[in-house]
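> Provided herewith is a single structure, encoded as structure tokens, for subsequent inquiry.
There are 2 protein chains.
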Amino acid sequence: MSPDSSLPARALAPRRHEEILRRLGVQGSVSVAELAGFFDVSRETIRRDLKLLSDKGQLGIVHGGAARFEPSEPAMSLRSQENARGKAAIGRVAAGLIRNGMVVFLDSGTTTLAVAQAMTDLRDLTICTASLPIALLLCHAPGMRVHMLGGEIDPGEEAASGIDMLEAMSRFRVDIAFLGGGALSPDGEVTDFTRAGAEQRGRMIALAAKTYFVLDSSKFAKLTPLRIPNFERAAGVIVDAKPQADIAEAIARKGPELMVAS
Amino acid sequence: MSPDSSLPARALAPRRHEEILRRLGVQGSVSVAELAGFFDVSRETIRRDLKLLSDKGQLGIVHGGAARFEPSEPAMSLRSQENARGKAAIGRVAAGLIRNGMVVFLDSGTTTLAVAQAMTDLRDLTICTASLPIALLLCHAPGMRVHMLGGEIDPGEEAASGIDMLEAMSRFRVDIAFLGGGALSPDGEVTDFTRAGAEQRGRMIALAAKTYFVLDSSKFAKLTPLRIPNFERAAGVIVDAKPQADIAEAIARKGPELMVAS
DNA sequence: ATCGATGTTGCAATATGTGGCAGTGAACGT
DNA sequence: ACGTTCACTGCCACATATTGCAACATCGAT
Chain R
257 MSPDSSLPAR ALAPRRHEEI LRRLGVQGSV SVAELAGFFD VSRETIRRDL KLLSDKGQLG
317 IVHGGAARFE PSEPAMSLRS QENARGKAAI GRVAAGLIRN GMVVFLDSGT TTLAVAQAMT
377 DLRDLTICTA SLPIALLLCH APGMRVHMLG GEIDPGEEAA SGIDMLEAMS RFRVDIAFLG
437 GGALSPDGEV TDFTRAGAEQ RGRMIALAAK TYFVLDSSKF AKLTPLRIPN FERAAGVIVD
497 AKPQADIAEA IARKGPELMV AS
Chain D
257 MSPDSSLPAR ALAPRRHEEI LRRLGVQGSV SVAELAGFFD VSRETIRRDL KLLSDKGQLG
317 IVHGGAARFE PSEPAMSLRS QENARGKAAI GRVAAGLIRN GMVVFLDSGT TTLAVAQAMT
377 DLRDLTICTA SLPIALLLCH APGMRVHMLG GEIDPGEEAA SGIDMLEAMS RFRVDIAFLG
437 GGALSPDGEV TDFTRAGAEQ RGRMIALAAK TYFVLDSSKF AKLTPLRIPN FERAAGVIVD
497 AKPQADIAEA IARKGPELMV AS
């Protein structure tokens, strides 16, 4: 009885093509398995679709799926490849915490970018971020309103920072915030590289109804100097591998829930 | 909205056509089977309907049903390919107007993106923009400070807009601004699609010491409804092909210098 | 080097498109 | 009233397109 928004069990070929291209525009790449599942058609059908679109020059086929041609984005794209599996797993867990209608804050960083990637299928969200790639990614997802926090751009993070960004941030009422961090300290806290970063994240914890830190396991081995204020008020820490038992214990003692993604 | 969710025992042809077009407007595509079921008529009848509507140019027939003609503007990454040569030429001329130490405002759009691309070799500039791709591009150029104007992201432009963006913009002292536009009107003004866009550009003219419009020749053939306030105070209009003589004259009469890039 | 996932190809099954033909019913003229 | 015309529709048979399956080739990560 509902001929509406969610795609009909069997979508026409052009409709699939449209959706595939839309996803490519948003995510940069798509996998055959993912599309076959989404459209409920066989993998061969998807491959034939991709072949067609490829012949039209609208995408490039790669093993496992297809990717969009790009002028290539620099610098950060390299870092986001590191431990991509782990980050994707963290992204899935994080996306699972989000409900319709929420106001979501996404910190800058490669792990939060993975969270954003896992969110592209969700609908009816308000996104608030200072990260250029995250804003660019999510603004094309249907049903999302994206607010970019302005400010001076930090080239390393590809994100706005500074006083303007802090001010813009504090205007929002945020339901759920996902923050990155520099390292997971031995005494069970998330720490940061810079004073400004730590301060900004501490404020976000105070602002958001719930805050989760997302840290991939490459951060376990590091040590950074700045404690993040209000850390004990965070709702959880999402990681992609079990940290040492004593660290896990220390986190739990402070308050935040430790969530291990796989 | 829908007085007809119960199946019309047998709808007349015009009634079906109306409903088919309505569905196309909402869903983008319709299938023969779905329509045949809904109207309780044979598939052939639906096909004949579609054939008729197709002959009238109101839809396109595809295997299994019908699809609406490209309702959506091509993605920005595609638009920037159109007339890339012309845009690059405009970019070179624009970049030539920039001196060390300047505060440069770059509007959103594909032509201003070309200007940004031509600027990557310059140094010691402060960039101010609401465009995500421009900010992402220039933040990696050495010796540039990039300020991103925050606000709600318009997916079509991949840029911030709205009240927050206007407010952030007005904080800056700008030496030179490069603005896009919707069209070059026959009476020698740049015009815009939307009230908000025209208003925002008008304000930037008032704010910047010098303002240049950048318009590639594909904009010559178009007509858009909104005049841009303060247009006569702009310093110049940079294009990639000579417009009609009377238009060129009209521009000069208003004040801005016409610069033809090659 | 091995194993699981992915890509390829031919083929059969199903779905869809096309054209012809006949039945229906309304409009119209006789 | 009757018959004719005509638009519209459904049914049928056949042509074509799309899809899934299965067997086999390749790729890629351990």
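Chains R and D, in that order, are what the protein sequence lines are. The first sequence begins at 257 in this note's numbering and counts up by one. The second sequence begins at 257 in this note's numbering and counts up by one. Positions of the beta carbon are idealized from the N, C-alpha and C atoms, including for glycine. Remember, it's a predicted structure, so these values are computed and weren't measured experimentally.
Mind checking Lys-498/D: buried by the 16 CB within 10 Å criterion, or exposed?
One-based indexing of the second sequence puts residue 498/D at position 242. The residue in question, Lys-498/D, is exposed, as its Cβ has fewer than 16 Cβ neighbours within 10 Å.
> Do you know offhand how far Ile-390/R's Cα is from Leu-362/R's?
Translated into the one-based positions of the first sequence, residue 390/R becomes position 134. Translated into the one-based positions of the first sequence, residue 362/R becomes position 106. Near 8 Å, if we compare the C-alpha coordinates of Leu-362/R and Ile-390/R.
> Hey, how far is the Cα of Pro-398/R from the Cα of Arg-379/R?
Residue mapping note: residue 398/R aligns to position 142 of the first sequence, counting from 1. Residue mapping note: residue 379/R aligns to position 123 of the first sequence, counting from 1. Their Cα atoms are separated by approximately 7 Å.
> My output table needs one value for Ile-290/D: the three-state DSSP class, helix, strand or coil.
Counted from its first residue, the second sequence places residue 290/D at position 34. Going by the sequence as given, residue 290/D is Glu instead of Ile. Helix at Glu-290/D.
> Between Ile-383/R and Leu-394/R, which are expected to be in contact by the criterion C-beta below 8 Å, what is the C-beta distance as a whole number of angstroms?
The residue labelled residue 383/R in the question sits at position 127 within the first sequence. The residue labelled residue 394/R in the question sits at position 138 within the first sequence. Indeed, because the Cβ distance is near 5 Å, the residues count as touching under 8 Å.
> If we count the other Cβ atoms within 10 Å of its Cβ and call it buried at 16 or more, is Arg-355/R buried or exposed?
Taking the first residue of the first sequence as position 1, residue 355/R is located at position 99. Result: exposed.
> Just to confirm my understanding: we take Glu-329/R, look at its own chain, exclude 5 residues before and 5 after, and list those with CB closer than 6 Å. What are they?
As a first step, residue 329/R is located in the first sequence; it is residue number 73 there, counting from the start. For Glu-329/R, the pLDDT reaches just 49, beneath the cut-off of 50, and the residue's location in the model is therefore unreliable, although a value from the coordinates is still provided. Same-chain partners within the cutoff: there are none.
> On a CA-only basis, which of Ala-345/R, Met-358/R, Gly-511/R and Val-359/R is nearest Leu-369/R? Give me that one, please.
Position 113 of the first sequence holds residue 369/R. That would be Ala-345/R, whose Cα lies nearest to the Cα of Leu-369/R.
> Assuming contact is defined by CB atoms lying nearer than 8 Å, are Ala-322/R and Leu-280/R in contact in what I supplied?
Along the first sequence, read from residue 1 onward, the residue named residue 322/R stands at position 66. Along the first sequence, read from residue 1 onward, the residue named residue 280/R stands at position 24. Yes, Cβ-Cβ distance for Ala-322/R and Leu-280/R is below 8 Å.
> Do the region 454-466 of chain D and the region 483-492 of chain D touch if we need at least three Cβ pairs shorter than 8 Å?
Flag = yes, the region 454-466 of chain D and the region 483-492 of chain D touch.
> Count the other CB atoms, across all protein chains shown, that sit within 10 Å of the CB of Arg-272/R; report buried if there are 16 or more and exposed otherwise.
Counting from one through the first sequence, the residue named residue 272/R turns up at place 16. Burial call: buried.
> Going by CA-CA distance only, name the one from Gly-444/D, Asp-496/D, Val-470/D and Gln-456/D that's closest to Phe-434/D.
Taking the first residue of the second sequence as 1, we reach residue 434/D at position 178. Of Gly-444/D, Asp-496/D, Val-470/D and Gln-456/D, the residue nearest in Cα terms is Val-470/D.
> I need the boundaries of the alpha helix (DSSP H) containing Leu-310/R, first residue and last residue.
Your numbering for residue 310/R matches position 54 in the first sequence. It should be noted that the sequence gives Ser, not Leu, for residue 310/R. Looking at the DSSP string, the run of the alpha helix (DSSP H) that includes Ser-310/R is 299-311.
> Based on the DSSP output, what are the partners of Ser-285/R in its beta bridges?
The residue you call residue 285/R lines up with position 29 of the first sequence. Looking at the DSSP assignment, Ser-285/R forms a beta bridge with Ala-323/R.
> Label Leu-306/R either buried or exposed according to how many other C-beta atoms from any shown protein chain fall within 10 Å of its C-beta, with 16 as the threshold for buried.
Along the first sequence, read from residue 1 onward, the residue named residue 306/R stands at position 50. Buried, because 16 or more other Cβ atoms sit within 10 Å of the Cβ of Leu-306/R.
> Give the residues from the region 335-368 of chain R that approach chain D closer than 9 Å (Cβ to any Cβ), ordered along the chain.
Residues: none.
> Expressed to the nearest angstrom, what Euclidean distance is found between the alpha-carbon atoms of Arg-341/R and Gly-418/R?
Here residue 341/R refers to the residue found at position 85 when the first sequence is read from its first residue. Here residue 418/R refers to the residue found at position 162 when the first sequence is read from its first residue. Their backbone Cα atoms lie some 32 Å apart in a straight line.
> Are the CB atoms of Arg-429/D and Val-359/D nearer to each other than 8 Å?
Residue numbering aside, residue 429/D sits at position 173 when the second sequence is read from its first letter. Residue numbering aside, residue 359/D sits at position 103 when the second sequence is read from its first letter. Contact: yes.
> Using a Cβ-Cβ distance cut-off of 8 Å, determine whether Gly-407/R contacts chain D.
Sequence index remark: in the first sequence, residue 407/R carries index 151 (1-based). Yes, contact with chain D.
> Taking all protein chains shown into account, decide if Glu-414/D is buried (16 or more other Cβ within 10 angstroms of its Cβ) or exposed.
On the second sequence, residue 414/D is found 158 positions in, with the first residue counted as 1. By the 10 Å Cβ count, Glu-414/D comes out buried.
> Are the C-beta atoms of Val-402/R and some chain D residue less than 8 Å apart?
For the purposes of this step, residue 402/R is taken as residue 146 along the first sequence, with counting starting at 1. Yes, Val-402/R lies at the interface with chain D (some Cβ there is under 8 Å from its Cβ).
> Give the secondary structure of Gly-492/R by DSSP, where H, G and I count as helix, E and B as strand, and everything else as coil.
In the first sequence, the residue the question calls residue 492/R occupies position 236. The answer is strand: DSSP assigns Gly-492/R an E or B state.
> Please confirm whether Thr-450/D and Leu-405/D have their CB atoms less than 8 Å apart.
Walking along the second sequence from the start, residue 450/D turns up at place 194. Walking along the second sequence from the start, residue 405/D turns up at place 149. No, Cβ-Cβ distance for Thr-450/D and Leu-405/D is not below 8 Å.
> Out of curiosity, what's the CA-to-CA distance linking Arg-324/R and Arg-509/R?
Taking the first residue of the first sequence as 1, we reach residue 324/R at position 68. Taking the first residue of the first sequence as 1, we reach residue 509/R at position 253. Answer to the nearest angstrom: the Cα atoms are 46 Å apart.
> Here's the rule I'm using: 16 or more other beta-carbon atoms within 10 Å means buried, otherwise exposed. How should Ala-477/R be labelled?
Within the first sequence, numbered from 1, the residue matching residue 477/R stands at position 221. It counts as exposed.
> Determine the direct distance from the alpha carbon of Phe-294/R to that of Leu-263/D, and round the result to whole angstroms.
As a working mapping, residue 263/D is identified with position 7 in the second sequence. As a working mapping, residue 294/R is identified with position 38 in the first sequence. Per-residue confidence for Leu-263/D stands at a pLDDT of 38, beneath the threshold of 50, marking its modelled position as unreliable; the derived number appears in the next sentence. Going from the Cα of Leu-263/D to the Cα of Phe-294/R covers about 30 Å.
> From the DSSP secondary-structure annotation, give me the bridge partner or partners of Ser-387/D.
The residue given as residue 387/D occupies position 131 in the second sequence. Note: Ser-387/D sits in a beta bridge opposite Ala-415/D.
> Asp-472/D: buried (16+ other C-beta within 10 angstroms of its C-beta) or exposed?
Here residue 472/D refers to the residue found at position 216 when the second sequence is read from its first residue. Flag for Asp-472/D reads buried.
> Sort Ile-432/R, Met-425/R and Glu-408/R by Cα distance to Met-425/D and report the nearest one.
Here residue 425/D refers to the residue found at position 169 when the second sequence is read from its first residue. Met-425/D has its Cα closest to that of Glu-408/R, out of Ile-432/R, Met-425/R and Glu-408/R.
> Kindly give me the distance between the Cβ atoms of Val-446/D and Gly-437/D, rounded to whole angstroms, as I take these residues to be in contact under 8 Å.
Start at 1 with the first residue of the second sequence, and residue 446/D comes out as number 190. Start at 1 with the first residue of the second sequence, and residue 437/D comes out as number 181. Val-446/D to Gly-437/D, Cβ: 4 Å. Contact.
> Chain D beta carbons: is any one of them nearer than 8 Å to that of Arg-236/R?
As displayed, chain R neither begins before 257 nor continues past 518, which places residue 236/R out of reach and without an answer.
> With 8 Å set as the bound, which would you pick, yes or no: does the beta-carbon of Gly-313/D sit closer than that to a beta-carbon of chain R?
Residue 313/D sits at position 57 when you count from the first residue of the second sequence. Not closer than 8 Å to any Cβ of chain R, the Cβ of Gly-313/D fails to qualify, so no.
> Flag Gly-436/D as yes if its beta-carbon sits less than 8 Å from any beta-carbon of chain R, otherwise no.
Within the second sequence, the letter at position 180 stands for residue 436/D. False, the Cβ-Cβ gap to chain R never drops below 8 Å.
> Of all the CB atoms in chain D, is at least one closer than 8 Å to the CB of Leu-392/R?
The residue labelled residue 392/R in the question sits at position 136 within the first sequence. Chain D contact via Cβ: present.
> Output, in chain order, the set of chain D residues within a Cβ distance shorter than 7 Å of Pro-411/R.
For the purposes of this step, residue 411/R is taken as the residue at position 155 of the first sequence. Result: Cys-395 and His-396.
> Kindly list, in the order they appear in chain R, the residues whose Cβ is closer than 9 Å to that of Ala-323/D.
By 1-based counting over the second sequence, the position of residue 323/D is 67. Chain R residues near Ala-323/D: Leu-268, Pro-270, Arg-271 and Glu-274.
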